[in-house]
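Chains as they are written, first to last, in the working numbering: chain A, 107 to 206; chain B, 207 to 671.
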């Protein structure tokens with residue numbers, strides 16, 4: 107990694123951090139639990155790193171660790187999205203217009 | 207961009223789209239009316255990213271990827287179908303899984319690359335692995351406490367903070383040594399094991415009432431470790447997702463720490479385990495007034511405005527569905543019923559809202575602390591169900607109280623306060639609650655679910671009359 111890739115990465119991190127801060131600040135406390143399970147599922151995007159590790163099969167160790175990592179992350183993706191949607195389905199307004 | 211293979215450009219573009227979808231996903235979470243779109247955007251982004259990654263030119267072995275994806279799904283589906291009361295421990299467990307993934311990938315990368323690894327790369331890799339492994343074991347401990355496999359009471363011993371700091375310091379020193387001498391591969395396992403042990407010790411002294419802060423903080427750590435992994439793999443999508451998750455966890459930690467009147471640095475360095483040993487040894491038996499379900503029902507049906515204050519006790523007693531029946535019965539009589547939710551009520555941020563929504567209580571009846579506190583003086587009845595410290599007026603008035611300064615729900619300002627409680631034992635923090643001895647307070651002794659049930663029976667005329 108050369109220094110320009112590093113600086114690029116830091117720029118992305120900084121900007122994404124600010125966006126995250128501004129966007130999440132607006133989330134109603136009502137939805138803090140589903141917010142946490144959603145960010146958890148999104149965070150499991152780490153699976154892409156693990157997939158490459160397994161697929162490239164550079165060493166037995168890396169393939170084994172990668173496989174375990176893919177399992178762990180996939181369970182977060184599937185479980186996280188599933189429970190977030192289940193929770194959000196339960197939030198209903200008393201106003202009849204909100205019926206869908 | 208000429209060094210990119212054709213596939214690589216496609217993958218980068220897909221990652222760009224996925225990043226945008228992730229941001230939109232969180233943006234749509236701002237309101238319950240759009241929140242489900244947020245989940246769909248997140249799912250689409252995830253699918254695109256995984257599909258794009260499979261195009262990676264270096265991938266030669268698809269078999270194990272498929273096996274792992276299937277196994278992960280098999281584990282993930284039941285984790286997505288747990289009871290709503292089990293959501294806090296499920297969340298802690300998923301922080302653990304996320305951190306496990308990051309730690310495993312970091313470890314694999316270390317052994318693939320060392321000793322040929324630049325100082326910067328080794329620095330972020332150590333950060334990834336140390337944060338990941340302490341989050342992994344810390345979250346497992348939190349999940350164990352929430353599931354009550356482990357004792358919920360804080361476990362403390364003398365010099366605890368010293369031991370914890372020493373462990374963390376050793377892990378950091380090892381990391382620094384590895385940065386300078388990446389060929390010293392034999393040191394890596396020690397760094398890993400020490401960080402894992404640190405995670406265990408970090409969460410051991412923390413009691414159940416502090417769980418909302420701890421879970422938020424572990425969330426932030428999990429996000430930061432994923433962002434560090436993004437630097438290691440030079441994967442911009444991962445940096446974005448990690449930064450989003452990290453800032454989410456950080457914001458929630460700040461909200462939780464403010465709601466418990468703890469400073470942010472206090473939270474950041476994990477020193478939230480200070481057990482507040484109560485000075486309430488000299489408790490004399492002060493008189494309290496108690497009431498029966500019949501009397502409580504009569505007072506409630508005569509009221510115009512009722513505010514229900516739920517706490518962890520409601521979750522433990524699984525009383526949310528009975529509370530919904532009470533809400534229905536009172537609403538039918540024209541009583542205005544709302545719910546006052548303290549930010550740290552329950553075991554994770556937003557815990558009470560999810561339980562009440564599960565019981566079909568409309569979300570526009572659920573009020574945040576700031577929105578409802580001014581209304582208590584005009585409230586006829588404040589009904590406290592399984593909440594204790596968040597209603598303790600000593601936090602406002604008694605500077606010697608361990609929770610002095612913590613923002614509370616001002617239920618004592620309501621005309622009548624009714625508290626459903628099993629007995630007179632103090633709350634989790636071991637602090638006596640002067641609310642119970644006020645002239646306008648009625649104690650309703652019993653199990654939350656059973657007691658609310660008998661009030662409902664009185665109200666709906668099913669009782670003896």
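Idealized CB from N, CA, C, for every residue including glycine. Predicted model, so just to flag it, every value in this text is computed and none were measured.
So residue i is in the beta strand (DSSP E); what residue range does that whole segment cover?
i	result
residue 513 of chain B	511-516
residue 589 of chain B	587-591
residue 216 of chain B	That residue, residue 216 of chain B, is in no beta strand (DSSP E); its alpha helix (DSSP H) goes 212-234.
Any idea which residues DSSP pairs residue i with across the strands?
i	result
residue 496 of chain B	B:649
residue 574 of chain B	B:547
residue 627 of chain B	B:651
residue 622 of chain B	B:587
Tell me, please, whether the CB atom of residue i is closer than 8 Å to any CB atom in chain A?
i	result
residue 454 of chain B	yes
residue 670 of chain B	In this prediction, residue 670 of chain B has a pLDDT of 49, which is less than 50 and means its spatial position is unreliable; nothing more can be read from the coordinates.
residue 616 of chain B	no
residue 212 of chain B	no
residue 274 of chain B	yes
residue 396 of chain B	no
residue 550 of chain B	no
residue 545 of chain B	no
residue 527 of chain B	no
residue 306 of chain B	yes
residue 215 of chain B	no
residue 317 of chain B	yes
residue 478 of chain B	A caution first: residue 478 of chain B carries a pLDDT of 45, below 50, which makes its placement in the model too unreliable to give a value.
residue 265 of chain B	yes
residue 498 of chain B	no
residue 416 of chain B	no
residue 332 of chain B	no
residue 300 of chain B	yes
residue 556 of chain B	yes
residue 252 of chain B	yes
residue 349 of chain B	no
Counting contacts by CB-CB distance shorter than 8 Å, is residue i in contact with chain B?
i	result
residue 166 of chain A	no
residue 177 of chain A	yes
residue 118 of chain A	yes
residue 110 of chain A	no
residue 113 of chain A	no
residue 203 of chain A	Confidence is the limiting factor: at residue 203 of chain A the pLDDT is only 49, short of 50, which leaves the residue's position unreliable and the question unanswerable from this model.
Using three-state DSSP, classify residue i as helix, strand or coil.
i	result
residue 542 of chain B	strand
residue 666 of chain B	coil
residue 483 of chain B	For residue 483 of chain B, the predicted structure reports a pLDDT of 45, less than 50, and the residue's modelled location is therefore unreliable. A value from the coordinates is still provided. Three-state result, residue 483 of chain B: coil.
residue 322 of chain B	coil
residue 353 of chain B	coil
residue 661 of chain B	helix
residue 249 of chain B	helix
residue 335 of chain B	helix
residue 328 of chain B	helix
residue 609 of chain B	coil
residue 241 of chain B	helix
residue 367 of chain B	helix
residue 537 of chain B	helix
residue 263 of chain B	coil
In chain A, which residues lie with their C-beta within 8 Å of the C-beta of residue i?
i	result
residue 560 of chain B	139, 140, 193 and 196
residue 313 of chain B	171
residue 242 of chain B	191, 194 and 195
Let's see if you can read the secondary structure: which residues bound the alpha helix (DSSP H) around residue i?
i	result
residue 149 of chain A	138-149
residue 454 of chain B	442-465
residue 121 of chain A	109-131
residue 564 of chain B	557-564
residue 166 of chain A	166-196
residue 389 of chain B	Unbroken run through residue 389 of chain B: none, as it is neither H nor E.
residue 155 of chain A	153-162
residue 431 of chain B	417-439
residue 286 of chain B	269-286
residue 553 of chain B	Premise fails: residue 553 of chain B is in no alpha helix (DSSP H) and is neither H nor E.
residue 602 of chain B	600-603
Residue i touches chain B at which residues, Cβ-Cβ below 8 Å?
i	result
residue 200 of chain A	568, 570 and 571
residue 189 of chain A	285, 286, 287, 288, 293 and 296
Under 7 Å Cβ-Cβ, which residues of chain A neighbour residue i?
i	result
residue 564 of chain B	196
residue 437 of chain B	115
residue 257 of chain B	The premise fails here: residue 257 of chain B is roughly 10 Å from chain A at the closest Cβ pair, so nothing lies under 7 Å.
residue 655 of chain B	Correct list: empty, because the minimum Cβ distance to chain A is about 19 Å.
Taking residue i as the query, report the chain B residues whose CB atoms sit under 7 Å from its CB, ordered along the chain.
i	result
residue 181 of chain A	278, 281, 282, 285 and 303
residue 125 of chain A	229
With 8 Å set as the bound, which would you pick, yes or no: does the beta-carbon of residue i sit closer than that to a beta-carbon of chain E?
i	result
residue 612 of chain B	The displayed structure is made up of protein chains A and B, and chain E is not among them.
Along chain A, in chain order, which residues have C-beta atoms closer than 9 Å to that of residue i?
i	result
residue 446 of chain B	118, 119, 121, 122, 125, 126 and 151
residue 574 of chain B	134, 135 and 136
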